[in-house]
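Residue numbers (the working numbering): 1 to 255.
What follows is the structure, encoded as structure tokens:
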């Protein structure tokens with residue numbers, strides 16, 4: 001999808017894939033979306049690798065040079081959802097290069113949201129999401145009490161047993177991550193079932209991080225650095241309930 005202008009949609013673009021053993025390539029570039037407000041609007045750009053994907057399923061692509069929302073129109077980026085949403089579920093791999101996008105005026109979620117979790121899969125799975133995030137300007141409606149972060153990354157979901165996802169993130173040289181003033185510019189979450197049975201073990205790998213694994217202060221300093229975004233405010237929050245957040249052992253894949 002390239003060079004389009006989209007207005008007054010609940011979701012502007014939704015891409016989904018869960019074919020066993022199949023690869024879906026996509027390019028979303030140069031689009032202008034939501035320069036006006038629409039009541040009930042959800043995610044503008046929605047990319048989803050489904051919960052029945054297998055280990056050989058691959059969804060990969062580029063989201064670049066898109067404009068979502070207008071700085072001068074309150075809540076135009078989204079009334080109920082996010083500007084850009086990327087998720088990998090099931091057992092497959094999602095890879096997204098997200099570069100030079102502008103997102104404005106998100107009312108009650110984060111401007112960019114990336115998640116990896118097993119989703120609807122019934123057995124224990126190990127999905128993977130590779131994100132490269134550079135040159136972007138992600139800002140919520142800072143006047144909305146319900147807005148969240150400029151960028152939010154989540155590995156795992158609380159109800160799921162046997163949820164063993166990995167999120168590899170290369171986040172650098174962005175223009176702005178601006179969240180709600182009482183929340184965070186960058187918000188990273190790991191969560192999953194920790195009771196009896198097959199517990200969850202989500203992992204977040206951060207390219208460029210050189211500190212200790214699961215060190216709260218070091219990780220939040222890294223995530224909140226101006227190396228991630230020139231304007232990065234408020235301070236980053238890491239919410240780790242289980243699993244591991246650590247340095248990436250290799251560069252996050254881009255293809």
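Glycine included, C-beta positions come from ideal geometry on N, C-alpha and C.
Status (buried if at least 16 other CB within 10 Å, exposed otherwise) for residue 249: Taking every protein chain shown into account, the CB of residue 249 has fewer than 16 other CB atoms within 10 angstroms, so this residue is exposed.
Can you tell me which of 240, 175, 180, 232 puts its alpha carbon nearest to the alpha carbon of residue 201? 240
Within this structure, are the beta carbons of residue 132 and residue 252 separated by less than 8 Å? The criterion of a C-beta distance shorter than 8 Å is satisfied by residue 132 and residue 252.
Look up residue 197 in the DSSP assignment and say whether it is helix, strand or coil. Bear in mind that a pLDDT of 46 at residue 197, under 50, signals an unreliable position, so the number given afterwards is only what the model happens to contain. Three-state DSSP puts residue 197 in coil, outside helix and strand.
Got a sec, what are the start and stop residues for the alpha helix (DSSP H) residue 183 sits in? Neither: residue 183 is in no alpha helix (DSSP H) and is coded neither H nor E.
Measure from the alpha carbon of residue 145 to the alpha carbon of each residue in 181, 185, 59, 138, then state which is nearest. Ranking the options by Cα distance to residue 145, first place goes to 181.
Residue 139 - partner residues in DSSP beta bridges: Paired residue(s): 178.
Mind listing, in chain order, the continuous alpha helix (DSSP H) runs of no fewer than 4 residues lying wholly within the segment 88 to 132? none
Closer than 6 Å by C-beta to residue 88: which residues in its own chain qualify, once you throw out the five before and the five after it? Chain order, please. 49, 94, 116, 127, 129
DSSP three-state assignment for residue 206, whether helix, strand or coil: strand
So, helix, strand or coil for residue 78, using DSSP? strand
Leaving out five residues before and five after residue 86 in sequence, what residues of the same chain have Cβ atoms less than 6 Å from its Cβ? 47, 96, 114
Quick one: grab the DSSP three-state call for residue 172. strand
Would you give the residue range spanned by the alpha helix (DSSP H) that residue 221 belongs to? 216 to 223
Check the C-beta distance from residue 230 over to residue 175 and give it rounded, since I have them as a contact under 8 Å. 6 Å
Let me know the secondary structure DSSP gives residue 86 once reduced to three states. Correct three-state label for residue 86: strand.
Just to confirm before moving on: does the CB-CB distance between residue 45 and residue 66 stay below 8 Å? Contact flag set, yes.
Roughly how far, in whole angstroms, is the beta-carbon of residue 224 from the beta-carbon of residue 189, given that I think they are within contact range, below 8 Å? Not quite, the Cβ-Cβ distance comes to about 15 Å (not below 8 Å), so this is no contact.
Inter-residue CB distance, residue 137 and residue 102 (contact presumed, cutoff 8 Å): 5 Å
Taking the alpha carbon of residue 43 as the point to measure from, which residue in 106, 62, 19, 18 has its own alpha carbon closest? The candidate whose alpha carbon is nearest that of residue 43 is 106.
Straight-line Cα distance separating residue 139 from residue 178: 5 Å
Label residue 16 either buried or exposed according to how many other C-beta atoms from any shown protein chain fall within 10 Å of its C-beta, with 16 as the threshold for buried. exposed
Same chain, Cβ closer than 7 Å to residue 196, neighbours up to 5 away in sequence not counted: Low per-residue confidence applies at residue 196: pLDDT is 45, beneath 50, and the placement is therefore not dependable, though the value from the model is reported in the following sentence. Answer for residue 196: no residue qualifies.
Please report the distance separating the alpha-carbon of residue 226 from that of residue 172. 9 Å
So, helix, strand or coil for residue 243, using DSSP? coil
8 Å Cβ shell around residue 80 - same chain, five flanking residues per side excluded: 40, 41, 42, 107, 108, 109
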